[in-house]
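Right, one structure below, let's go through it.
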Amino acid sequence: MPIQILEPTVAAQIAAGEVVERPASIVKELIENAIDAGARRVDIEVRGGGVRELKISDDGCGIPSGEIEIAFERHATSKLRVADDLWSIATLGFRGEALPSIASVSQLTCITRTQDEELGTELRIAGGELQARTPRGCSRGTTFIIRNLFYNVPVRREFLRSEATEASAISAIVTQYALAYPEVRFTMLIEGRLALRTNGTGDLRESLVDMYGLDVARQLLPVESEHGEGFDRVQVRGMVSPPGITRGSRGYLHVFVNRRAIQPRGQIAFVIEEAYHTMLMKGRHPIAVLDIQVHPGAVDVNIHPTKSEVKFRDSPRVMSVLGRSIRDALIGGGEVRPWADAGEPPQPEVAQRRFELRRFSPAEGGEPARQPEPLPEREIELFGEPAPFEREASGFRPTPAIARAPADGDAPQLRAESFLALDVEDTPAPGYAPPPRPPAAPRLPELRIIGQVGLTYIIAESPEGMYMIDQHAAHERVSYERLMRQRGQSDIEQQGLLMPQVVELPPQAQQVLLENRDELATWGFAVEDFGTALQVRAVPAGITVSDLPSALAEIADNLMGRGGSTPADWREAILTTLACHTSIRAGQSLSLAEMRELIVQLEQCEAPRTCPHGRPTMILMSIPQLERQFGRIK
Numbered sequence: 020m021p022i023q024i025l026e027p028t029v030a031a032q033i034a035a036g037e038v039v040e041r042p043a044s045i046v047k048e049l050i051e052n053a054i055d056a057g058a059r060r061v062d063i064e065v066r067g068g069g070v071r072e073l074k075i076s077d078d079g080c081g082i083p084s085g086e087i088e089i090a091f092e093r094h095a096t097s098k099l100r101v102a103d104d105l106w107s108i109a110t111l112g113f114r115g116e117a118l119p120s121i122a123s124v125s126q127l128t129c130i131t132r133t134q135d136e137e138l139g140t141e142l143r144i145a146g147g148e149l150q151a152r153t154p155r156g157c158s159r160g161t162t163f164i165i166r167n168l169f170y171n172v173p174v175r176r177e178f179l180r181s182e183a184t185e186a187s188a189i190s191a192i193v194t195q196y197a198l199a200y201p202e203v204r205f206t207m208l209i210e211g212r213l214a215l216r217t218n219g220t221g222d223l224r225e226s227l228v229d230m231y232g233l234d235v236a237r238q239l240l241p242v243e244s245e246h247g248e249g250f251d252r253v254q255v256r257g258m259v260s261p262p263g264i265t266r267g268s269r270g271y272l273h274v275f276v277n278r279r280a281i282q283p284r285g286q287i288a289f290v291i292e293e294a295y296h297t298m299l300m301k302g303r304h305p306i307a308v309l310d311i312q313v314h315p316g317a318v319d320v321n322i323h324p325t326k327s328e329v330k331f332r333d334s335p336r337v338m339s340v341l342g343r344s345i346r347d348a349l350i351g352g353g354e355v356r357p358w359a360d361a362g363e364p365p366q367p368e369v370a371q372r373r374f375e376l377r378r379f380s381p382a383e384g385g386e387p388a389r390q391p392e393p394l395p396e397r398e399i400e401l402f403g404e405p406a407p408f409e410r411e412a413s414g415f416r417p418t419p420a421i422a423r424a425p426a427d428g429d430a431p432q433l434r435a436e437s438f439l440a441l442d443v444e445d446t447p448a449p450g451y452a453p454p455p456r457p458p459a460a461p462r463l464p465e466l467r468i469i470g471q472v473g474l475t476y477i478i479a480e481s482p483e484g485m486y487m488i489d490q491h492a493a494h495e496r497v498s499y500e501r502l503m504r505q506r507g508q509s510d511i512e513q514q515g516l517l518m519p520q521v522v523e524l525p526p527q528a529q530q531v532l533l534e535n536r537d538e539l540a541t542w543g544f545a546v547e548d549f550g551t552a553l554q555v556r557a558v559p560a561g562i563t564v565s566d567l568p569s570a571l572a573e574i575a576d577n578l579m580g581r582g583g584s585t586p587a588d589w590r591e592a593i594l595t596t597l598a599c600h601t602s603i604r605a606g607q608s609l610s611l612a613e614m615r616e617l618i619v620q621l622e623q624c625e626a627p628r629t630c631p632h633g634r635p636t637m638i639l640m641s642i643p644q645l646e647r648q649f650g651r652i653k
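Reminder that position 243 of the sequence shown reads as 262 in my numbering, one-by-one numbering, no gaps.
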């Protein structure tokens, strides 16, 4: 084939492949143009995942009628003149490639008017060719309507994901810029449904309320730090979550450089998470909204076709300031309670709970148990009355506490919500046959429950020494294997909510959940559209109302592919998420009977030594280790 110059239309379609990867790419470019034009309002409408139709309107300065055709020529821009301008870019766009690239692979309509013009202009382009230009009455600003994306490049269209996934990617882009520019009012409609609306007041925390809900936004810690002057100045501003608020993916890291959204990966993601060193559990990630301000000449924004990456001239210094700023906010903000009502009495911190340490019960011939002081009614329900121990020659074996008569010999089920009012009997119910013990080779040693430490760890004695059991990790393993059995039988236990709960989630998460309502139903969830939020009518048995937002956010991450690359990976990730959120928590007081029941159920698990995340459920301090600590042996 001889060498020849490509037709301009073909060259434009090839170039569009670098700029327009998917509908979200178009939304990104047009939002950036709107912000550069001084817009204070940006409206986005999405249909068919953005492939069938995209509409982006703004109230910016508009395009003069005499320049509108030039705007769709390649490399036409009002933001650069000479190459040296690349080192002082103060705008989001600068290449002049977005509009011609979009027009070459779609049917595009542009309606625009400047403040000084009485009539606006409507321009129609299809496949890069001008179709019509007509005068048009319209308000000041610019509206782009993009239809039938990739209609003339069918191969590119085949590589797009489902409509739900593409709409979710668009939501992620809009969310990024709504957080970067809280002074701009963003509205997004997906299939005619209001998915996002910000008020444009300029308050970042208010924008975070729109994205993540009041409960999360009020707990975020402010980050504000500035170092150096002039060319060496580095400023970091934004908000980060305390260690107690985490997510299962990095999809909640929003990072900007001079208010330009970049991908939170590589060194920047590492530095942000390293600032939480020793504060986060493995596999958990924080929420962060951070803007890094540097001199325009100290950063190169022209290193990636989609402008999603940058390169700092003094990267070590910038990363150092970023990490210290976040760490200072985490350390200094530990006791801050933002947005506390002035008239609201302070809530007492639960440092410890009083419980009676019984060496042996009277049935064992030991010291009589000291009678506790009267407790409030709720605490009496919570603690219950501990059942006696049975002593055997080989050691101690806990007597199972009976929470309910099991069906068909199944082990009694322990649920998180049952701990507030567990009806525990000291003796088995009439006709009740206890579940069979584990096989001859037990998976766990015989344990005698002693008590609870820090409302988190169960202390138990065995012939080997002292076991410390993480109650959340242990119950998570029990819940995981129970859910796995139910999933195999397509019978996830569901509980209806007496009062439907309204859950606020980021727009992209909400869209994915609504598009996967049938899949959610197989896991026990019943969700409905509720404007800018979700209405939940049923949940898997064991999930509490307070856990709903974080559980649904993690499930949305899994459905978007962040939980793995195959459907089996996604199912496993959702299974682990549900196990976590249907289990008792650290900081929850348990009675001795409840602790025994938990150990009985853990004994019957296939892999009782670790939770589904791989953390140990228990650790052993052997008799020799104890004696060595007390100086009895060397």
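No residue lacks a Cβ here, since even glycine has one placed at the ideal position from N, Cα and C. None of these values were measured; they are calculated from a predicted model.
Output the boundary residues of the alpha helix (DSSP H) element that contains residue i.
i      : result
Gly351 : 334-351
Glu51  : 42-55
Pro283 : First-last for Pro283: undefined, no H or E at that position.
Arg224 : 223-231
Leu567 : 567-576
Asp588 : 586-600
Ala117 : 117-123
Using 8 Å for Cβ pairs, my map puts residue i next to residue j. What's the rounded Cβ distance?
i      : j      : result
Val124 : Pro526 : Not a contact, Cβ separation roughly 25 Å.
Met637 : Tyr499 : Rounded, the Cβ-Cβ distance is 16 Å, inconsistent with contact.
Ile468 : Ile618 : 7 Å
Val337 : Val242 : At roughly 14 Å, the Cβ-Cβ gap does not stay under 8 Å, so Val337 and Val242 are not in contact.
Ala294 : Arg346 : 5 Å
Ile562 : Asn577 : Actually they do not touch by this definition, with Cβ atoms about 15 Å apart.
Thinking C-alpha only, which one of the options is nearest residue i?
i      : options                        : result
Gly69  : Arg204, Gly57, Glu210          : Glu210
Ala288 : Met300, Tyr271, Gly633, Asn277 : Tyr271
Ala151 : Cys157, Asn167, Phe169, Gln126 : Gln126
Ile45  : Ile22, Thr140, Pro119, Ile82   : Pro119
Leu73  : Leu208, Ala570, Gly139, Ser181 : Leu208
Thr133 : Tyr196, Ala56, Pro241          : Ala56
Ile63  : Leu215, Ala122, His296         : Leu215
Phe331 : Ala122, His314, Gly342, Arg343 : His314
Residue i to residue j, Cα distance in whole Å?
i      : j      : result
Glu646 : Ala493 : 27 Å
Asp251 : Ile311 : 13 Å
Ala280 : Val497 : 42 Å
Leu149 : Arg143 : 6 Å
Glu436 : Pro635 : Per-residue confidence for Glu436 stands at a pLDDT of 34, beneath the threshold of 50, marking its modelled position as unreliable; no derived number is given.
Glu523 : Glu480 : 45 Å
Arg506 : Ala598 : 12 Å
Asp229 : Val65  : 19 Å
Cys129 : Arg166 : 12 Å
Ala626 : Arg462 : 8 Å
Ala145 : Ser84  : 19 Å
Pro365 : Gly606 : Reliability of the predicted coordinates at Pro365 is poor, the pLDDT of 37 falling under 50, and the value obtained from them is presented with this limitation in mind. Those two C-alpha atoms are separated by around 19 Å.
Leu227 : Phe649 : 53 Å
Asp442 : Ser327 : Reliability of the predicted coordinates at Asp442 is poor, the pLDDT of 32 falling under 50, and no value is obtained from them.
Thr601 : Gln623 : 18 Å
Pro519 : Gly160 : 42 Å
Met300 : Gly221 : 34 Å
Ala53  : Glu137 : 21 Å
Glu48  : Ala58  : 14 Å
Sort out for me which residues DSSP pairs residue i with in a bridge.
i      : result
Pro241 : Met258
Leu309 : Gly257, Val274
Val65  : Leu73, Ile209
Asp234 : Asp234 pairs with nothing; no bridge assigned.
Leu198 : In the DSSP output, where bridge partners are listed per residue, Leu198 has none listed.
Tyr476 : Val472, Asp489
Gln150 : DSSP output for Gln150 lists no bridge partner at all.
Lys330 : Asp319
Cys129 : Leu142, Phe163
Arg59  : Answer is none; Arg59 lacks a bridge partner.
Under DSSP, the beta strand (DSSP E) around residue i begins and ends at which residues?
i      : result
Cys624 : Here Cys624 belongs to no beta strand (DSSP E), and DSSP marks it neither H nor E.
Gln644 : Gln644 -> not in any beta strand (DSSP E); alpha helix (DSSP H) instead, spanning 642-648.
Tyr486 : 484-489
Asp537 : Asp537 -> not in any beta strand (DSSP E); alpha helix (DSSP H) instead, spanning 536-541.
Thr173 : The amino acid at residue 173 is misidentified as Thr; the sequence shows Pro. First-last for Pro173: 173-177, but that is the alpha helix (DSSP H), not the beta strand (DSSP E).
Ala90  : Neither: Ala90 is in no beta strand (DSSP E) and is coded neither H nor E.
Met518 : 513-522
Glu547 : 545-549
Check the Cβ-Cβ distances between residue i and every residue of chain C, and say whether any is below 8 Å.
i      : result
Leu639 : Checking the listed chains, one finds no chain C in this structure; it contains a single protein chain.
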